[in-house]
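Asks: Numbering (my numbering), first residue to last: 620 to 962.
Virtual Cβ for every residue (Gly too), placed ideally from N, Cα, C.
Just so it is clear, the structure is predicted and the values come from calculations on it, not from any experiment.
Got a structure for you, questions after.
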């Protein structure tokens, strides 16, 4: 950015190193740029009470997604992916759906905790997730998933390559594949991540070539309580495609991924093969997962469900206390490290 003359070099070593080592988002994001975070050290003011309270609300919601949703999903997901040959297609489908919510709860939960912690200190970090599983196509999904990384690749790699404005369609396709393959490689030197990136590129390219990649820039069902039938089909179709790609992301090898997918399409069912422990976990998990989806759907115009503390005071406190109680109940020996710490 200094080279492009978008910002000036910092002359204050203390503020610069405070920016570089800013602990809330240091490990896994949001990926804050100097142009956004560094000036906040110049204009720093003691955080106001409402900012402090907002930070606590967002941390509470982030802990719920991590501890209650992601960690509990992970127990079942690990059992299924590690022993895929022992399960029917129904259970394998359940496994990849739960992984979709595990990685979402884990990473967006971390982002909420990081953003909330920064608010406690008087800093504002960028939003990193915008309810991606309510997306109507894959292009919208990638505008809502890990926003700080996707916009970074867009601004520093995709646009310098020419983006979608190059005249040659082959170069447009090349640019899309470069972005998604590097995004996969960013997650680790494993063929599974490259396959995951390539598959998402294949999803994205038809939308781009047809000029439909920016078709859904608004929020789904804006001004309405529920989506219409077409929107529901679009959301479910997009979610299914994303889940298909998550198989590659979660698997240990490409061979493992194809084996998993092959067994899914055998279309056999066994509801009770998970074992008693995992079945109990699943039964307890489902109401929490349903509650998360309802709260996020109702709050899809906000950054997170508890933002601004809207509603009657007694209703808000019922939400806060029940969320806190769930976190305490589920916290403990089942806790796992954040998935994105390894990236």
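Would you check if there are 3 or more beta carbon pairs closer than 8 angstroms linking the region 736 to 748 to the region 712 to 719?
Replies: no
Asks: Between which two residues does the alpha helix (DSSP H) containing residue 674 stretch?
Replies: 668 to 682
Asks: Tell me which same chain residues have a C-beta within less than 7 angstroms of the C-beta of residue 650, skipping the five on either side of it?
Replies: Taken in chain order, the residues that qualify are 767, 768 and 771.
Asks: Hey, residue 573 and residue 691 are a contact pair by Cβ (cut 8 angstroms); roughly how many whole angstroms apart?
Replies: Because the chain in this structure spans residues 620 to 962, residue 573 falls outside the shown range and cannot be described.
Asks: Could you tell me the boundaries of the alpha helix (DSSP H) in which residue 885 lies?
Replies: It is not in any alpha helix (DSSP H) - residue 885 carries neither H nor E in the DSSP assignment.
Asks: Going by C-alpha distance, which of 620, 797 and 659 is nearest residue 634?
Replies: 659
Asks: Classify residue 879 as helix, strand or coil using the three-state DSSP reduction.
Replies: DSSP, read as helix, strand or coil, puts residue 879 in helix.
Asks: Return the Cβ separation of residue 850 and residue 763 in integer angstroms, given the expectation that the two are a contact with Cβ distance under 8 angstroms.
Replies: Not really, about 15 angstroms apart at Cβ, beyond 8 angstroms.
Asks: Tell me the rounded alpha-carbon separation between residue 925 and residue 736.
Replies: Answer to the nearest angstrom: the Cα atoms are 15 angstroms apart.
Asks: Under three-state DSSP, which class holds residue 802?
Replies: helix
Asks: Could you say which of 757, 697 and 853 lies nearest to residue 820 if we only look at CA atoms?
Replies: 757
Asks: Taking 8 angstroms as the threshold, find out whether the region 855 to 874 comes into contact with the region 665 to 683 through three or more Cβ pairs.
Replies: The region 855 to 874 vs the region 665 to 683: no contact.
Asks: Pick out the complete alpha helix (DSSP H) segments inside the region 699 to 770, 4 residues or longer, and give them in chain order.
Replies: 708 to 739 and 757 to 763, all fully within the region 699 to 770.
Asks: Leaving out five residues before and five after residue 917 in sequence, what residues of the same chain have Cβ atoms less than 8 angstroms from its Cβ?
Replies: 924
Asks: Is the Cβ-Cβ distance between residue 828 and residue 786 less than 8 angstroms?
Replies: Taking 8 angstroms as the Cβ cut-off, residue 828 and residue 786 do not qualify as a contacting pair.
Asks: With 16 other CB atoms within 10 Å as the buried threshold, where does residue 765 fall?
Replies: Taking every protein chain shown into account, the CB of residue 765 has 16 or more other CB atoms within 10 angstroms, so this residue is buried.
Asks: Excluding the 5 residues preceding and the 5 following residue 739 in the sequence, name in chain order all residues of the same chain whose CB lies nearer than 7 angstroms to its CB.
Replies: 666, 671 and 674
Asks: For the alpha helix (DSSP H) containing residue 869, list its first residue and its last residue.
Replies: 848 to 869
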